[in-house]
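Trainee: Protein chains in written order, with our numbering: chain C, 1 to 172; chain F, 1 to 172. Quick reminder that beta carbons are idealized off the backbone N, C-alpha and C, glycines included. Bear in mind the structure is a predicted one, so any value in this text is a computation, not a measurement.
1. Against chain F, which members of the region 56 to 83 of chain C pass a CB distance test of less than 9 Å?
2. According to DSSP, is residue 48 of chain F part of a helix, a strand, or is it coil?
3. In angstroms with no decimal places, state the Cα-to-Cα distance between residue 107 of chain F and residue 64 of chain C.
4. Closest by CA to residue 134 of chain C, which one among C:128, C:156 and C:114?
5. What residues from chain F crowd round residue 99 of chain C, counting only those whose CB sits closer than 9 Å?
6. On the three-state DSSP scale, how would you describe residue 165 of chain F?
7. Helix, strand or coil: how does DSSP classify residue 68 of chain C here?
8. Note down the Cα distance separating residue 137 of chain C from residue 29 of chain C, rounded to an integer number of angstroms.
9. So is residue 171 of chain F in contact with chain C if we call contact Cβ pairs under 7 Å?
10. With DSSP collapsed to three states, give me the class of residue 155 of chain F.
11. Would you say residue 152 of chain F reaches chain C, if we count a Cβ-Cβ gap shorter than 7 Å as a contact?
12. Is residue 143 of chain F near the ligand COA - that is, is its Cβ less than 6 Å away from at least one heavy atom of it?
13. Which of helix, strand or coil does DSSP assign to residue 134 of chain C?
14. Taking C-beta to C-beta, are residue 86 of chain F and residue 140 of chain F nearer than 7 Å?
15. Bridge partners for residue 77 of chain C per DSSP, in chain order?
16. What residues of chain C sit near residue 91 of chain F, judged by a beta carbon separation below 8 Å?
17. With 16 as the cutoff for other CB atoms within 10 Å, does residue 94 of chain C come out buried or exposed?
18. Would residue 110 of chain F count as contacting chain C if we go by Cβ distances under 7 Å?
19. Contact defined as beta carbons within less than 8 Å: I believe residue 88 of chain F pairs with residue 72 of chain F. What is the distance between those atoms, to the nearest angstrom?
20. Once you ignore the five residues that flank residue 142 of chain C on each side, which residues in its own chain have a CB closer than 7 Å to its CB?
21. Do residue 53 of chain F and residue 104 of chain C count as a contact pair if the criterion is CB distance below 7 Å?
22. To the nearest angstrom, how far is the alpha carbon of residue 77 of chain F from that of residue 168 of chain F?
23. Could you give the distance in angstroms between the alpha-carbon of residue 165 of chain C and the alpha-carbon of residue 121 of chain F?
24. So is residue 38 of chain C in contact with chain F if we call contact Cβ pairs under 7 Å?
25. Comparing alpha-carbon positions, which option in F:83, F:150, F:67 and F:59 lies nearest residue 45 of chain C?
26. Would you call the CB atoms of residue 80 of chain C and residue 146 of chain C closer than 7 Å?
27. By the criterion of Cβ-Cβ separation under 8 Å, what are the contact partners of residue 142 of chain C in chain F?
28. Do you know how far the Cα of residue 60 of chain F is from the Cα of residue 130 of chain F?
29. Residue 128 of chain C to residue 36 of chain C, Cα distance in whole Å?
30. Would you please verify whether the beta carbon of residue 14 of chain F is less than 7 Å from any beta carbon of chain C?
31. Which whole-angstrom value is the C-beta distance of residue 148 of chain C and residue 125 of chain C, which I expect to be below 8 Å?
32. Output needed for residue 152 of chain F: all residues of its chain with C-beta closer than 7 Å, excluding positions within five of it in sequence on either side, in chain order.
Following this line, the structure appears as structure tokens:
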């Protein structure tokens, strides 16, 4: 009798804990991010906005943009980037070129990160929605929607540049 | 009388020297390269094949390809690259990111280099035609058609990779 009461109580407490924690996010390859942002279609074919080499975590990056972002980058009018702009940052581990000892080239794919501009919808995070998919299998990053605090925290020092690290390249 | 004869002789020798040296190549912004390769149209909008960081000459690069080259790169069938492939290597001086001390980003544009695949036409240089345009004003590189020996010399160690240094990236 007491055992049964204890197990009922445990079940009730578990139920309450689930309600408090909110629904569990079920990550699947290519699924939407925990904040609801879907993996943008066709980003592999977007045009180049920039590149960078981070020597702290040994990664090489290419930053692509959708048509709206590319048009904005080429116009130079980026304060702010226009609504509808999407930036895609593709990240690879860096490796030394086998035939050029002082050249670094992309190795294994690490992740794809996106910034989606919608000033009203994402007002709480500088007008940008953030999302990341990890690895070749494109697993959405983050346990729940709070993962964006990590993205936004890192981008906050760039507030005066509309939260963007990327330097759009000049291509004649 | 003797002075006139000397000056006639000098003019004649100059004419012979010009004949031996061949016609002078007149470099103008955006003009064809000395070997006749024209600046490919629309390359700014081509898709990404790779990126690299050369720490010996402090440059960051993005390698774009025309449709044929991108299709080949994604298929992985690059021995050899198919005729009609064009690779565009865009090169910038590297600079340190002002808000991320260990990140390197593109600064001033240096030049755009192209490799044009035509196994028959460019048989003497591994099946590739080479050309380079320097700076934002896109001055064709090279005093005469022999400039390709410099390009080909540097690419010759990559003979077993169809003379290509670029590692095509994986993008999921």
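Mentor: To lay it out plainly:
1. 56, 57, 60, 61, 62, 64, 70 and 74
2. Mapped onto the second chain, residue 48 of chain F falls at position 48. Strand.
3. In the second chain, residue 107 of chain F corresponds to position 107, counting from 1. In the first chain, residue 64 of chain C corresponds to position 64, counting from 1. Rounded to the nearest angstrom, the two C-alpha atoms are 17 Å apart.
4. The sequence position of residue 134 of chain C within the first chain is 134, counting from 1. Here the closest residue by C-alpha is C:114.
5. Walking along the first chain from the start, residue 99 of chain C turns up at place 99. Correct list: 157, 158, 161 and 165.
6. Against the second chain, residue 165 of chain F aligns to sequence position 165. Note: residue 165 of chain F maps to coil in three-state DSSP.
7. For the purposes of this step, residue 68 of chain C is taken as residue 68 along the first chain, with counting starting at 1. In the structure shown, residue 68 of chain C sits in a helix (DSSP, three-state: H, G or I).
8. Position 137 of the first chain holds residue 137 of chain C. Position 29 of the first chain holds residue 29 of chain C. Distance between the alpha carbons of residue 137 of chain C and residue 29 of chain C: 6 Å.
9. On the second chain, position 171 is the one that residue 171 of chain F refers to. Chain C, which has a Cβ nearer than 7 Å to the Cβ of residue 171 of chain F, makes this yes.
10. On the second chain, position 155 is the one that residue 155 of chain F refers to. Under the three-state reduction of DSSP, residue 155 of chain F is assigned to helix.
11. As a working note, residue 152 of chain F is residue 152 in the second chain. No, its Cβ sits nowhere closer than 7 Å to a Cβ of chain C.
12. With respect to small molecules bound, the structure shown includes none, and the ligand COA cannot be examined in it.
13. Here the question's residue 134 of chain C lines up with position 134 in the first chain. In this structure, residue 134 of chain C counts as strand in the three-state DSSP scheme.
14. Counted from its first residue, the second chain places residue 86 of chain F at position 86. Counted from its first residue, the second chain places residue 140 of chain F at position 140. Contact flag unset, no.
15. Against the first chain, residue 77 of chain C aligns to sequence position 77. Partner(s): none; residue 77 of chain C has no beta bridge.
16. What you label residue 91 of chain F is simply residue 91 of the second chain in a count that begins at 1. In chain order: nothing, as chain C lies at least about 10 Å away.
17. Here residue 94 of chain C refers to the residue found at position 94 of the first chain. That one is buried.
18. Against the second chain, residue 110 of chain F aligns to sequence position 110. Answer no: the Cβ-Cβ gap between residue 110 of chain F and chain C never drops below 7 Å.
19. In the second chain, residue 88 of chain F corresponds to position 88, counting from 1. In the second chain, residue 72 of chain F corresponds to position 72, counting from 1. Contact flag wrong, Cβ pair sits at about 14 Å.
20. Start at 1 with the first residue of the first chain, and residue 142 of chain C comes out as number 142. Here the set comprises 33 and 34.
21. Position 104 of the first chain, counting from 1, holds the residue named residue 104 of chain C. Position 53 of the second chain, counting from 1, holds the residue named residue 53 of chain F. Yes.
22. One-based indexing of the second chain puts residue 77 of chain F at position 77. One-based indexing of the second chain puts residue 168 of chain F at position 168. Taking the straight line joining both Cα atoms gives about 11 Å.
23. To locate residue 165 of chain C, count along the first chain from 1; it is residue 165. To locate residue 121 of chain F, count along the second chain from 1; it is residue 121. Computed Cα separation, rounded: 44 Å.
24. As a first step, residue 38 of chain C is located in the first chain; it is residue number 38 there, counting from the start. No, no contact with chain F.
25. The residue labelled residue 45 of chain C in the question sits at position 45 within the first chain. Nearest of F:83, F:150, F:67 and F:59 to residue 45 of chain C, Cα basis: F:67.
26. Position 80 of the first chain, counted from the first residue, corresponds to residue 80 of chain C. Position 146 of the first chain, counted from the first residue, corresponds to residue 146 of chain C. No, Cβ-Cβ distance for residue 80 of chain C and residue 146 of chain C is not below 7 Å.
27. Stepping through the first chain from its first residue, residue 142 of chain C is reached at position 142. Per Cβ cutoff of 8 Å: no residues; residue 142 of chain C is ~18 Å from chain F at best.
28. Stepping through the second chain from its first residue, residue 130 of chain F is reached at position 130. Stepping through the second chain from its first residue, residue 60 of chain F is reached at position 60. Looking at the backbone, the Cα of residue 130 of chain F and that of residue 60 of chain F are separated by about 20 Å.
29. What you label residue 128 of chain C is simply residue 128 of the first chain in a count that begins at 1. What you label residue 36 of chain C is simply residue 36 of the first chain in a count that begins at 1. Residue 128 of chain C and residue 36 of chain C: Cα-Cα distance of roughly 13 Å.
30. Your numbering for residue 14 of chain F matches position 14 in the second chain. With a pLDDT of only 49 at residue 14 of chain F, under the threshold of 50, the placement of this residue in the model should not be trusted; the figure read from the coordinates follows. Residue 14 of chain F does not count as touching chain C.
31. Here residue 148 of chain C refers to the residue found at position 148 when the first chain is read from its first residue. Here residue 125 of chain C refers to the residue found at position 125 when the first chain is read from its first residue. With a Cβ gap of about 6 Å, residue 148 of chain C and residue 125 of chain C count as contacting.
32. Position 152 of the second chain, counted from the start, is the residue given in the question as residue 152 of chain F. Here the set comprises 125, 126 and 130.
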